[in-house]
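Colleague: For the sequence shown, position 101 (counting from the first letter as 1) is numbered 101 according to full-length UniProt numbering, and the numbering increases by one without interruption.
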Amino acid sequence: AKDGDINLSLLLNAVRKAELSRSEVQILIDLLLNKQHEAPAVVDQWSEGKADPVQKLKKQLAEKEKALVEEQEALQGVQAKLREVRAEQVAEKMQLQQRSRGLEEALQAKHLELQAANSRMHSQTQQLQQMQAQINEESIAMRKLHEENNALQLQR
């Protein structure tokens, strides 16, 4: 309590026990009404008072229901955002899977091309070796013919 503040129960007891004239009561009422206009935030509590707990409970219930509705709306907003994020995630996952399949197929195609090229190279290498062997045989045969030709010319 601030300096000069009086405990409410002391004030109420003092007013109850005081022997006031009508004009003094009117002054007190005027003072309280002026006080009420100065502090509108306190008016709700003062006007409700302790006399009507049902109204207080109804007001609290209404406030709780309003807060609940606000929380439910916020929850719905969050759930909608979560669904949106999940849908985006699923779409991205599908896109990545498609891209991955495409890359795997391209890799498989390149692998098959490489195998075909290796097979062609092996076949051409074998052909080249066969041709080289044939050239060597023909070269040996030509050398023999050349030597025989030289030998025949020497005999003449």
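Every residue, glycine too, gets a C-beta built ideally from N, C-alpha and C.
Near Gln-98, what residues of its chain come up, given a Cβ to Cβ distance below 8 Å and the 5 sequence neighbours on each side ignored?
Modeller: There are no such residues.
Colleague: Would you kindly check if the distance between the Cβ of Leu-12 and the Cβ of Leu-20 is under 8 Å?
Modeller: Contact: no.
Colleague: Give the straight-line distance between the Cα atoms of Gln-155 and Ile-140, rounded to the nearest whole angstrom.
Modeller: Rounded to whole angstroms, Gln-155 to Ile-140 spans 22 Å at the Cα level.
Colleague: Using C-beta distances below 6 Å, list every residue in its chain close to Thr-125, excluding the 5 sequence neighbours before and after it, in chain order.
Modeller: So the list is empty, once near-sequence residues are dropped.
Colleague: Just the C-alpha distance for Lys-64 and Ala-74, rounded to the nearest angstrom, thanks.
Modeller: If you take the alpha carbons of Lys-64 and Ala-74, they lie about 15 Å apart.
Colleague: How many Å lie between Arg-143 and Gln-127 at the Cα?
Modeller: Rounded to the nearest angstrom, the two C-alpha atoms are 24 Å apart.
Colleague: For Ile-135, name the three-state secondary structure that DSSP assigns.
Modeller: Note: Ile-135 maps to helix in three-state DSSP.
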